[in-house]
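See below for the structure under consideration.
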Amino acid sequence: MMEASFKARVVENFSRSASTYDCHAEEQRTGAATLAKCAAECAGNLVEGPVLEIGCGTGFLSEPLAALFPGRRLELTDLAPAMVAHCRQKMAAEAAHPDICYRVLDGEQLGSEGRYALICASFVVHWFADLRVGLQQLLTALKPGGRLLCSYPGAGSYAEWHRQCARQGVPCSANALPDLESVARVFTAESVAVRQWQQVIVLRFPTARAFLRHFKGTGAHTSARLSTLGPAQLRQFLLGWDRDCPNGVEVTCAIHYLSVEKARSCGD
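Going by my numbering, the sequence shown opens with residue 5, and the numbers climb by one from there.
Here it is, written out as structure tokens:
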């Protein structure tokens, strides 16, 4: 999905949206809150070692991780430099943790082995160029007994957008999203315990244009599709959607969750 030029556009759009992200990121905030609860549930039985967050964004998950693990080294990373800077500024203002490392990092190029006790990635893995390879990289970076926690918009998300495009006969610029079965297959040959579940939330907007602005406000509007609408087509599409939904636009997001526990070494 993500060739070099596309990845560069992803980074640019997320960096540009660092200052508006918090105002628009409803589904991202929900995904991060659920992962924070999962991290809290496993904190008492977690193996020794540092905690890594891939795709820290503006810090929705970073803040609760800092509160949960004050005695561990916390590595907060993102592919977009402006997001890392924003997160650093927010965390520094709260003096949230004594041992935090911030760095710009591509989660697909982690290159670590057996280092981390916990890796969290909220609304990140669906951007991976190769989902299987990316998730296996994260698994390899875990210590025996370590945990991987992910949230991401899954297949079936934004179905109303897809349906409206089909009804009007125009291409949909929404990116393909992972399904639970594809993610589960990544771990079939691994010594791990896997749990997956989903949460469907409803996003409400006064107009169709406000929905698209929601994507742009978070930086998540980069499309891998070859066919997109020109300005005139887009105006007509938005008018048609608004005519169909005179009381406002509702769009659902199916947030998928993944919890992976790596097998412990003998004697642990």
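We put the CB at the ideal spot given by N, CA and C, even for glycine.
As the structure is a prediction and not an experimental result, all values here were calculated from the model.
Cross-strand partners of residue i (DSSP beta bridge)
i	result
Leu146	Tyr120
Glu194	DSSP output for Glu194 lists no bridge partner at all.
Pro154	At residue 154 the sequence reads Cys, which differs from the Pro that was named. DSSP output for Cys154 lists Ala125 and Leu262 as bridge partner(s).
Thr256	Val206
Trp201	Tyr261
Arg107	Thr81
Classification of residue i by the beta-carbon crowding that lies within 10 angstroms, buried from 16 upward
i	result
Gly223	buried
Glu79	buried
Met5	Caution applies to Met5, whose pLDDT of 46 falls short of 50 and renders its modelled position unreliable; the value that the coordinates give is listed next. Flag for Met5 reads exposed.
Ala168	Note on residue identity: the sequence assigns Gln, not Ala, to residue 168. It counts as buried.
Arg189	exposed
Gly138	buried
Trp165	buried
Arg171	exposed
Asp82	buried
Gly111	buried
Cys27	exposed
Arg312	Coverage of the chain is limited to positions 5 through 272, which leaves residue 312 absent and any answer about it impossible.
Val206	exposed
Gln93	exposed
Val55	buried
Val128	buried
Glu117	exposed
Glu254	exposed
Gly150	buried
Glu98	exposed
Ala12	exposed
Gln237	exposed
For residue i, the three-state DSSP class (helix, strand or coil)
i	result
Leu56	strand
Gly183	A small fix is needed here, since residue 183 is Asp in this sequence, not Gly. Of the three classes helix, strand and coil, the one that applies to Asp183 here is coil, per DSSP.
Thr226	coil
His90	helix
Arg77	coil
Asp82	strand
Tyr25	helix
Arg268	coil
Val14	helix
Asp134	coil
Leu233	coil
Thr38	helix
Phe215	helix
Pro250	coil
His101	coil
Gly115	coil
Gly48	helix
Gly221	helix
Gly63	coil
Gly244	helix
Ala43	helix
Residue i and residue j closer than 9 angstroms at C-beta
i	j	result
Lys266	Val196	yes
Leu181	His130	yes
Leu152	Leu114	no
Ala44	Pro68	yes
Tyr162	Ala145	no
Ala71	Val108	no
Arg268	Val51	yes
Glu185	Cys124	no
Ser19	Gly221	no
Val198	Ser126	no
Ala258	Gln203	yes
is_contact[residue i, chain D] using C-beta, thresh 9 angstroms
i	result
Ala197	No chain D is part of this structure, which consists of one protein chain only.
Taking one C-beta from the segment 208-225 and one from the segment 238-253 each time, how about it: are there three or more such pairs within less than 8 angstroms? yes
Are three or more beta carbon pairs between the segment 52-63 and the segment 155-166 nearer than 8 angstroms? Taking 8 angstroms as the limit for Cβ pairs, the verdict is that the segment 155-166 does not touch the segment 52-63.
Please confirm if the segment 33-53 is in contact with the segment 90-110, defined as three or more CB-CB distances below 8 angstroms between the two stretches. no
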